[in-house]
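Going by the numbering used here, the first residue of the sequence shown is number 3, and it counts up by one from there. All C-beta atoms, glycine included, are put in the ideal place defined by N, C-alpha and C. This report concerns only the one structure given below.
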Amino acid sequence: MKLSYEWLKEYVDIGVSPEELARGLTMSGSEVEAIQDAGGDKILDLEITPNRPDCLNIIGLAREASVVFDKDLRLPVMGISGEPAAEKAAGIECVIKDRKLCPRYTARIISGVRVEQADERIRKRIVALGLRAVNSIVDITNFCLMETGQPLHAFDLDRIKGGKVIIREAAPGEKIVTIDGVERELKPGILVIADSARPIAIAGVMGGKDTEVSESTRNILLESAYFDPVSIRRTSRMLGLSSDSSYRFERGVDKGMIAAASDRAAALISAETGGKISGFYDTGGAAAEKVSIEFSAGKAERILGIPLENEKVKHILRKLGMTVSEAEERGLLVSVPSFREDLRKEIDLLEEIARIYGYDNIPVTIKEFVPQVERKELSRRVGEKLCEILPSLGLNEIMTYSLISDVSADRFPDLSEKPVALSNPLSEEQKVLTPQLIDGMLRAISRNLNRKNSDLMLFEIGKIYSKSGAPKLKRIVLDEGDYKETPALCIGLTGALRKNWQEGERPADLYSLKGIVETILRALKISAEFCRTSIKGFADCAEIRLPDGNLNIGFFGEVDTKLLGEYDISQRVYICQMKLDRIMEKAVLENRYHAIPRFPSSSRDISVLCDKSFSAGEIHKVISGTGEEIIRGIELLDLYEGEQIPAGKKSLTYSVKYGLDTRTLTEEEIEAVHSKVKETLVKKLGITFR
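Structure, rendered in structure tokens:
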């Protein structure tokens, strides 16, 4: 934006040099990049930020200068004396086809004009800002554009066919020759101003050659409108065409200036050319939004760290064009003018106060610092612990989408009992809030396998979603009741876990996954049991239960081969999913240390013969549950199935460690307890010994 120093002085007695003006504007946010000489005038070249389109005109910058230097602002007269306010333009009709792209359109008829050279003052002002002087009508519209920031366009009324102005989108195949003499092909989506026969202007960008004002023009139609900024930006880019008008429309013009700028230009044209203002056509009627903000000077003090009196605050805000009144509890009620679309919150007003007060006037202070020890919640600490344990075991973390399709949710019906569906999903693939992390894990594995990365150890800490009290597999819309968001851990293994020249290749299996689960539980000081279960989608599966309350905290197993085919996976995959909310309740992260026992312990082996249906965990549970305090440890040494073992049976060998902290146990004491363990196994499980 270029600013004429001499033109600025018509609106504000600035009383400072161009250099001082440049510094003041720069410090208040309107950065001056250069100052140039222009025939006895000084031209300031400013970089205006996109949120301040109100400064893309002389009046806006005069307002800024008046408040920065605390001077009075003199605004030009915008009204037209003697014109009936409600009189419509005779012989012309304006029709808006799309009010979203053009919320308001005004047309003013001025008849009997003499198109000559413009007044020297007007020509001098626009030429100083880099515009070309054309004729009195065009120069006045450019003058008002630079003065008010509202783009205007004058049509030769006698060249408009059918007495109708239509604001519509271009039709396929339409063309227009713009005032720069270039024929341009128009595409659907481009907003045009048309008469009853053809486009006569590209809305908000450039007028057409057929209806431009020339020396033979006697009657004009003066356009002043508001066009959608996005539409103008899109049109400008599609055509590779930009103008001073499009630059302002793209950033948003002041809705309160539409009629006022038309009044200003009409008055100047009438005085300059002798034309008669014969009527005004206003359609659309989009009014500027009225915004009021409650503002507290006390709050501003706390944020800025400087004392601010109410009178000082009110003075600054009023100088910026706002209306300020007293509100309850010593606050202020600020009405924001239509040209400040960037002011919507109290903090926006605070920024205005700060920049006008001067950031360089705010004293530098050292903030008082009180060291604080961060107290992390247990849930966060458990999450951090898992992110230490799992990578140390060789697993890589993944992150997947929390939205899946209906089909993906239905693949694991036992884990998707109460899925939550979006009422307005972006796509069918993002319709359901994921009720399990397994679908995302399998998709990640499939993606890696397709890229020849076949040996994978992955984990994800995410969230699963469900709804309380819903029927099984019923889709739930988000506006119905209570929802559950549960943190969860998912682990996926496939391919080889280890490949090296010393140990060779070790493929992933169910026991590898179980070992990872046991490592996690051991690190969190959680005791758990593993029990065989059946989950649809898994060929072999075990659930993880807490001994107290028999509470299920998760499961692990091998994914069914048929289901893997739906993910384009051809190798075996092992998955574990655990609900972290239940784990976080039981986790213990503090380590407790014990001295090495002073007295030696003694071990005894037990070899049992049992049905294959028995799990090693069941036998372990019976041994540990005998209630004898001298049992210090139980370890499974061997599993044997084969010769000398009856069909349907298996042999398990356990080592049971006995000991006390206070003394050494006698042989008789150990044998007595060992015998009791055997008796308990026979009584509860009916097994025999080898």
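Between which two residues does the alpha helix (DSSP H) holding residue i run?
i, result
"Pro231", "Pro231 to Leu241"
"Met29", "Pro20 to Met29"
"Ala273", "Ile260 to Thr275"
"Asp412", "Asp408 to Asp412"
"Cys146", "Ser138 to Thr150"
"Asp74", "Element bounds for Asp74: n/a, residue is neither H nor E."
"Ser2", "Here the chain covers residues 3 to 692 and nothing more, so residue 2 does not appear."
"Arg101", "Per DSSP, Arg101 belongs to no alpha helix (DSSP H) and is neither H nor E."
"Ser68", "Ile60 to Val70"
List the whole-angstrom C-beta distance separating residue i from residue j, where the pair is believed to meet the contact cut-off of C-beta under 8 Å.
i, j, result
"Ser6", "Ala130", "5 Å"
"Arg134", "Thr213", "Arg134 to Thr213, Cβ: 19 Å. No contact."
"Glu296", "Leu335", "6 Å"
"Gly1", "Phe540", "Summary: the structure shown does not reach residue 1, with the chain confined to residues 3 through 692, and so no result is reported for it."
"Leu395", "Pro489", "Not a contact, Cβ separation roughly 20 Å."
"Tyr283", "Ala109", "4 Å"
"Phe157", "Ile202", "7 Å"
"Ala2", "Ile82", "Any question about residue 2 goes unanswered here, given that the chain covers just 3 to 692."
"Ser138", "Asn221", "With a Cβ gap of about 14 Å, Ser138 and Asn221 do not count as contacting."
"Ala67", "Ile16", "6 Å"
"Thr285", "Tyr107", "5 Å"
"Val167", "Cys96", "5 Å"
"Tyr253", "Leu27", "Checking the sequence, you will find Arg at residue 253 rather than Tyr. Rounded, the Cβ-Cβ distance is 18 Å, inconsistent with contact."
"Arg266", "Thr150", "7 Å"
"Arg273", "Leu306", "At residue 273 the sequence reads Ala, which differs from the Arg that was named. So it is not a contact: roughly 48 Å between Cβ atoms."
"Gly258", "Ser198", "Incorrect: roughly 32 Å between the Cβ atoms, too far for contact."
Tell me the residue span of the beta strand (DSSP E) that contains residue i.
i, result
"Met580", "Val575 to Lys581"
"Asp39", "Glu33 to Ala40"
"Ala446", "Premise fails: Ala446 lies in the alpha helix (DSSP H), Ile440 to Asn452, not in any beta strand (DSSP E)."
"Lys166", "Lys166 to Glu171"
"Leu223", "Asn221 to Tyr228"
"His155", "Leu154 to Asp158"
"Leu495", "Tyr485 to Thr496"
"Gly333", "Looking at the DSSP string, Gly333 is not in any beta strand (DSSP E), and its letter there is neither H nor E."
"Arg547", "Phe540 to Leu548"
"Ser657", "Lys651 to Tyr660"
"Tyr13", "Counting along the chain, Tyr13 falls outside any beta strand (DSSP E), and DSSP gives it neither H nor E."
So, is residue i buried or exposed, given that buried needs 16 or more other C-beta atoms within 10 angstroms?
i, result
"Gln119", "exposed"
"His676", "buried"
"Lys504", "The question names Lys, but residue 504 in the sequence shown is Gln. Gln504 should be labelled exposed."
"Leu351", "buried"
"Leu566", "buried"
"Ser247", "buried"
"Met401", "exposed"
"Ala172", "buried"
"Ser226", "buried"
"Leu639", "exposed"
"Gly559", "buried"
"Arg342", "buried"
"Met240", "exposed"
"His155", "buried"
"Lys99", "exposed"
Express the C-alpha separation of residue j and residue i in angstroms, rounding to a whole number.
i, j, result
"Ala413", "Ile636", "Residue identity differs from the one stated: residue 413 is Arg in this sequence, not Ala. Their Cα atoms are separated by approximately 40 Å."
"Thr666", "Lys623", "26 Å"
"Tyr467", "Gly191", "42 Å"
"Pro509", "Gln573", "11 Å"
"Asp562", "Cys389", "28 Å"
"Arg170", "Gly183", "23 Å"
"Glu353", "Ala263", "29 Å"
"Tyr359", "Arg250", "28 Å"
"Lys73", "Lys321", "9 Å"
"Lys403", "Val422", "What sits at residue 403 in the sequence shown is Tyr, not Lys. Each residue's Cα considered, the two are about 15 Å apart."
"Asp39", "Phe71", "23 Å"
Does the Cβ of residue i lie closer than 7 Å to at least one heavy atom of the ligand COA?
i, result
"Thr668", "Among the ligands in the structure shown, none appear at all, so the ligand COA cannot be discussed."
Pick from the options: whose alpha carbon is nearest that of residue i?
i, options, result
"Lys79", "Ala261, Asp47 and Met208", "As written in the sequence, residue 79 is Val, which differs from the Lys given in the question. Comparing Cα-Cα distances from Val79 to each of Ala261, Asp47 and Met208, the minimum goes to Ala261."
"Leu193", "Thr219, Glu217, Leu223 and Val232", "Val232"
"Gly210", "Arg235, Pro174, Leu159 and Gly258", "Leu159"
"Ser32", "Lys44, Lys4 and Tyr660", "Lys4"
"Phe601", "Ile585, Lys469 and Thr668", "Thr668"
"Gly12", "Arg101, Cys104, Ile124 and Glu592", "The amino acid at residue 12 is misidentified as Gly; the sequence shows Glu. With distances taken between Cα atoms, Glu12 lies closest to Ile124."
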